[in-house]
Amino acid sequence: MNPKARFNAAYLIFAFFLVLLFHEGWVQYTQVAHIPYSDFQKLLNENKIAEVIINDHQIVGTLKEPEANQKKQFATNRVEQDIALLLDSHGVKYSRVLENNLVKEVLSWVLPVFVFFGLWLLLAKRMG
């Protein structure tokens, strides 16, 4: 068997995690419009927001009826601490969630190990 034609499973695993990482970012980028906090306040004052989810750093929401050039979901960085009072005064449904960063945590520990192992294999093959 030709050593150059041999299939290495480590490359497949690395490619899988790389595709998974890019897919997560692409879905987030294409489906959610990132808007300034001032635009969020304007939409809130105009009663155009149906629901929001608040996490530690961001506010992600859904518009009641988006205009033709708007995406239905939006995200903005969290600025104000008493946002719940503002949302209550406009009758907007809201909730707070804790982010599940399991995929990011696993990738941050496993991916570097695979990268270093792959580099080690590459260098070992060239030296041997």
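According to the numbering used here, numbering within the sequence shown proceeds without interruption in unit steps and concludes at 446. Where a beta carbon is used, it is the ideal one built from N, C-alpha and C, also for glycine.
Continuous beta strand (DSSP E) assignments of at least 3 residues falling wholly in the region 323-362: 350-352
How long is the line joining the alpha carbons of F358 and A386, rounded to whole angstroms? Your numbering for residue 358 matches position 40 in the sequence shown. Your numbering for residue 386 matches position 68 in the sequence shown. Rounded to the nearest angstrom, the two C-alpha atoms are 18 Å apart.
Give me the Cα-Cα distance between N395 and I377, rounded to the nearest whole angstrom. Translated into the one-based positions of the sequence shown, residue 395 becomes position 77. Translated into the one-based positions of the sequence shown, residue 377 becomes position 59. Cα to Cα, the separation comes out at about 6 Å.
Cut-off 8 Å between Cβ atoms - residues of its own chain near V350, not counting five sequence neighbours on either side: Taking the first residue of the sequence shown as 1, we reach residue 350 at position 32. These residues qualify, in order along the chain: V378, K389, Q391, F392 and A393.
Is the separation between the beta-carbon of V370 and that of Y329 shorter than 7 Å? For the purposes of this step, residue 370 is taken as the residue at position 52 of the sequence shown. For the purposes of this step, residue 329 is taken as the residue at position 11 of the sequence shown. The answer is no: Cβ separation not under 7 Å.
Just list the residues that DSSP pairs F376 with in beta bridges. Residue numbering aside, residue 376 sits at position 58 when the sequence shown is read from its first letter. Rather than Phe, the amino acid found at residue 376 in this sequence is Gln. N395, per the DSSP bridge assignment.
Would you kindly work out how many angstroms separate the C-alpha atoms of S426 and F332, rounded to a whole number? For this step, residue 426 is matched to residue 108 along the sequence shown. For this step, residue 332 is matched to residue 14 along the sequence shown. If you take the alpha carbons of S426 and F332, they lie about 13 Å apart.
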